[in-house]
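These notes concern the structure reproduced below.
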Amino acid sequence: MALATGPNAKPPIVPFSSRLETGRALALDVWSIYNAANLPADCINLGQGYMNFPPPQWVRDAATEALNNVASNHYSHPKGRIRLREAIRDYYSPQFPHLGRPLDVENEILVSSGANE
């Protein structure tokens, strides 16, 4: 996040501290600072969309196939796609033997699009 410069640039409403002006904080966004400081050198962060190389052909082919599949190229069911919920049920139900039944895909399994939902 760079500061606006030039003849029409407006000063910030609240002045920055001198430590911010002399440091890197105003030159980089928080994720650039955090990732550089905390990710291992051999780690690739795909969470922010930072890839600097083309995806493999099999990924591009899968994306094209998914986009061409009319059943898959629109908003998902609010609880998640039924095939995914059934697969989750099949995988996790054995971990709950005290229930005496499989997990209920309609009332006990929810698939969201991320941690913020």
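Note that this note's numbering has the sequence shown beginning at 79, numbered continuously upward. For each residue, glycine too, the CB sits at the ideal point set by N, CA and C. Predicted model only: the values in this text are computed from it and were never measured.
- When secondary structure is reduced to three states using DSSP, His176 falls in the helix class.
- The alpha carbon of Ser190 has as its nearest neighbour, out of Ile166, Pro180, Lys157, Gly178, the alpha carbon of Lys157.
- Assignment of Arg163 by DSSP, reduced to helix, strand and coil, places it in the helix class.
- Between the alpha carbons of Val183 and Gln173 lies a distance of about 15 Å.
- Beta-carbon to beta-carbon, Arg163 and Ile187 are separated by about 5 Å, close enough to satisfy the 8 Å threshold.
- Annotated three-state conformation of Asp182 is coil, per DSSP.
- In the displayed model, Ala114 falls within a helix according to three-state DSSP.
- A distance of 8 Å or more separates the beta carbons of Arg167 and Pro175.
- CA-CA distance, Asp107 to Ser95, rounds to 17 Å.
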